[in-house]
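Asker:
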Ligand code: ATP
Ligand code: MG
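Numbering (the working numbering), first residue to last: 3 to 674.
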């Protein structure tokens, strides 16, 4: 054994080491938060490589691309050198790569483009409209709901009727129509040669049903390792079994108490049933020592989970005895909450704690809006994960649509969007142009169509750009599109100058990819999380506060953590407060949020919320109660604080106390 590997084993405990040194028989590491599951997994990879395993024959499946690169970096540190792991990534990204290779064998055109969730919903909307389901007298589910139902059926391997019964009972009356809609949606995708996220898993899983294909792909990998296994679905379990039917070379790690993706058809049975899938059963390693959090934080987190309906038997210990109790902070309202966080964050920074070591977590992306305003007002830089994504911004979608249409002339959604960027081209004309796509793809369609009245110049520019794109060598495509798009953007958006920064950023990111196709694929599958993420030079400050949804915070840790809106209605969210199973998932979400903290944890409970009730007498207060996951018996685990901003603090924090003046009405009255 190499010296490097011996040294690396020294900072592991006995159980972790057993998992690292375990042979090739199937292995499950199941343990609570912060016990070093991810660390163990990366040490195992390093150990395998040190023992002579070929890194290009290791398949490492992670929850996000960020997680994959962190894992690769950790392996590098353990090995004291760079290790390339070409097959480390998310299930979706790896699936896309394999499907492109397998395409000729499975009836796919290898040039397929990939739709993200928003594109998929748009296409679903188009099909829904074509089938005349939009105009039904009784309200038919909206496109997003239709997609969620379809997606649930695919990922849980259920019929539409079962998916409706188990997760969308209020749509049950539309079973027949939804089934027809799903069929038409699948046909539309195939006609256009596009795959959605669900296809990446489903097609991969289907391909693994074919013994010859499964053997060929499975034989490429000596080891398959999966992190966060509790949040995989049936398709993902089937993929793994297809790759390694006897489980030899298979390692999965996870925590059943942290399963938070059942709403996307993740199935905690995957991890619970894993050992018994094989004979002899998989080796199980459990870890009980938590290395992340101080004892008081861990005790409070354990106490929250102890009230769960199902038993999670893991009892965690920590060696980090020091530290005060987590804080349960009561504030007047959301403005007070924002002021509290801003003040605490700045104070901690004064004490020497970088902003990056502090994170604010929330159940729903829009909970952070008042805080974002407060941070902007106080000039505190932040990056938000899991909110409005970079790729959801209209101008970024425009830019990518052009590239996607050039890549795949059959991608109607991309063509539809691109064509309507030309002044004078509306949906009807765009649809007609798309009907004449020929073997020259997008360029052919435009060439074969007469320019719209008054826009012959713009039409010619579009045609020339598409022709140039056909011949372009990557990354010059990016410049061609940017040059064409810039005047379009000037005409469409008041803040075109601000948006230009994003386009330039796209060009910078794009230039680092080898081809148009790999750029489009990667960006769709694993988008940068915000306009300032991955930007390097575009980000003014190199230290910034982290804002994240709890779902996006999985697997991560910070010294100081704030959790917003720990009140009923927000946590559990109104949405999740239905069935017991949903409620239990909300409890685990709180557990995931709390266990991200190393040294300091603040759970914040605003006492009242403003609700704008238009047409019903203006603003109203709604009083909120502490989350039901923190009953009185648990309060002794916390330091309870009632916090109010100091006199003379920002306008914001005093909103409730100011007289109400309706200047909007006054403005209207001026001309009435
Ligand atoms: P989660 O359930 O949140 O994904 P995890 O079980 O994957 O957590 P890690 O993120 O791997 O846990 O580790 C949590 C922290 O504990 C990290 O900072 C890690 O470096 C540290 N840690 C893990 N094992 C040890 C160890 N044996 N000695 C010292 N520190 C450790
Ligand atoms: Mg982890």
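Where a beta carbon is used, it is the ideal one built from N, C-alpha and C, also for glycine.
Would you kindly check if the distance between the Cβ of residue 424 and the Cβ of residue 474 is under 7 Å?
Answerer: Their beta carbons are not under 7 Å apart, which means residue 474 does not touch residue 424 by this criterion.
Asker: Please report the straight-line C-alpha distance between residue 13 and residue 70, rounded to a whole angstrom.
Answerer: So the alpha carbons of these two residues sit roughly 22 Å apart.
Asker: CA-CA distance, residue 288 and residue 308?
Answerer: Computed Cα separation, rounded: 18 Å.
Asker: State the Cα-Cα distance for the pair residue 340 and residue 632, rounded to the nearest angstrom.
Answerer: So the alpha carbons of these two residues sit roughly 22 Å apart.
Asker: Give the secondary structure of residue 625 by DSSP, where H, G and I count as helix, E and B as strand, and everything else as coil.
Answerer: Here residue 625 sits in strand by DSSP.
Asker: Does the beta-carbon distance from residue 292 to residue 239 come in below 7 Å?
Answerer: Not closer than 7 Å, so no.
Asker: Residue 259: which of 421, 376, 303 sits nearest, CA to CA?
Answerer: Of 421, 376, 303, the residue nearest in Cα terms is 303.
Asker: Provide the residue span of the alpha helix (DSSP H) that contains residue 77, from first to last.
Answerer: That run of the alpha helix (DSSP H) goes 67-81.
Asker: Looking at ligand 1, does it come within less than 6 Å of residue 325, judged from the CB to the closest heavy atom?
Answerer: It does not: the Cβ of residue 325 is nowhere closer than 6 Å to a heavy atom of ligand 1.
Asker: Rounded to whole angstroms, what's the CA-CA distance from residue 223 to residue 382? Just pull it up for me.
Answerer: Cα-Cα distance, rounded: 46 Å.
Asker: From 346, 461, 638, 26, pick the residue whose C-alpha is nearest to that of residue 427; which is it?
Answerer: The shortest Cα separation from residue 427 among 346, 461, 638, 26 belongs to 461.
Asker: If the criterion is Cβ atoms closer than 7 Å, does the pair residue 129 and residue 187 meet it?
Answerer: Their beta carbons are under 7 Å apart, which means residue 129 touches residue 187 by this criterion.
Asker: Using a Cβ-Cβ cut-off of 7 Å (strictly less than) and excluding sequence neighbours within five positions of residue 20, which residues of its own chain qualify?
Answerer: Excluding sequence neighbours, residue 20 sits near 287.
Asker: The alpha helix (DSSP H) that contains residue 398, what's its start and end?
Answerer: 396-409 is the extent of the alpha helix (DSSP H) around residue 398.
Asker: Between residue 411 and residue 438, is the Cβ-Cβ spacing less than 7 Å?
Answerer: No.
Asker: Which residue spans inside the stretch 448-530 form an unbroken alpha helix (DSSP H) run of at least 4?
Answerer: You should have 458-473, 478-494, 498-513, 518-527.
Asker: Within the structure, which residues are defined as neighbours of ligand 2 by a Cβ-heavy atom distance below 7 Å, reported in chain order?
Answerer: The filter returns 39, 40, 229, 230, 557, in chain order.
Asker: In this structure, how does DSSP classify residue 564 when only helix, strand and coil are distinguished?
Answerer: Here residue 564 sits in strand by DSSP.
Asker: At a threshold of 6 Å, does residue 37 count as lining ligand 1 (C-beta to nearest heavy atom)?
Answerer: Residue 37 Cβ: within cutoff of ligand 1.
Asker: Should the stretch 110-123 be regarded as contacting the stretch 191-206, the criterion being three or more beta carbon pairs within less than 8 Å?
Answerer: In short, these stretches touch, since the Cβ pair count reaches three.
Asker: For my contact list, residue 607 and residue 569 are in at a C-beta cut-off of 8 Å; report their separation, rounded to the angstrom.
Answerer: Sure, about 5 Å apart at Cβ, within 8 Å.
Asker: Using 10 angstroms around the beta-carbon of residue 22, count the other beta-carbons present and answer buried if the total reaches 16, otherwise exposed.
Answerer: Buried.
Asker: Should the stretch 225-243 be called in touch with the stretch 151-168, which here means at least 3 C-beta pairs below 8 Å?
Answerer: Yes, since at least three Cβ pairs between the stretch 225-243 and the stretch 151-168 fall closer than 8 Å, the two stretches touch.
Asker: When you compare each of 514, 185, 551 to residue 361 by their alpha carbons, which one comes out closest?
Answerer: Answer by Cα proximity: 551.
Asker: Are at least three pairs of beta-carbons, each pair with one atom in the stretch 505-523 and one in the stretch 440-450, less than 8 Å apart?
Answerer: The answer is no - the stretch 440-450 does not touch the stretch 505-523, with fewer than three Cβ pairs under 8 Å.
Asker: With DSSP run on the structure shown, which of helix, strand or coil describes residue 291?
Answerer: Strand.
Asker: In this structure, does DSSP put residue 285 in helix, strand or coil?
Answerer: Strand, per DSSP.
Asker: From the DSSP output, read off the bridge partner residues of residue 256.
Answerer: According to DSSP, which records beta bridges pairwise, residue 256 is partnered with 32.
Asker: Is the beta carbon of residue 229 sitting closer than 7 Å to the one on residue 255?
Answerer: Yes; because the gap between Cβ atoms is below 7 Å, this pair is in contact.
Asker: Helix or strand or just coil, what does DSSP make of residue 324?
Answerer: Coil.
Asker: Hey, quick one: how far does the alpha helix (DSSP H) through residue 379 stretch, first residue to last?
Answerer: Segment 371-379, the alpha helix (DSSP H) holding residue 379.
Asker: Are residue 194 and residue 413 closer than 7 Å when you measure CB to CB?
Answerer: Contact: yes.
Asker: I'd like to confirm something about residue 2: is its beta-carbon nearer than 6 Å to some heavy atom of ligand 1, or not?
Answerer: Lying before the first or after the last residue shown, residue 2 is absent from the chain, which here runs from 3 to 674.
Asker: Buried or exposed, going by whether 16 or more other CB atoms sit within 10 Å of the CB of residue 251?
Answerer: Buried, by the Cβ-count rule.
Asker: Let's test the definition: count the other Cβ atoms within 10 Å of the Cβ of residue 66 and tell me whether it reaches 16, buried, or not, exposed.
Answerer: Flag for residue 66 reads buried.
Asker: Does the beta-carbon of residue 516 have 16 or more other beta-carbons within 10 angstroms, so that it is buried, or is it exposed?
Answerer: So residue 516 ends up on the exposed side.
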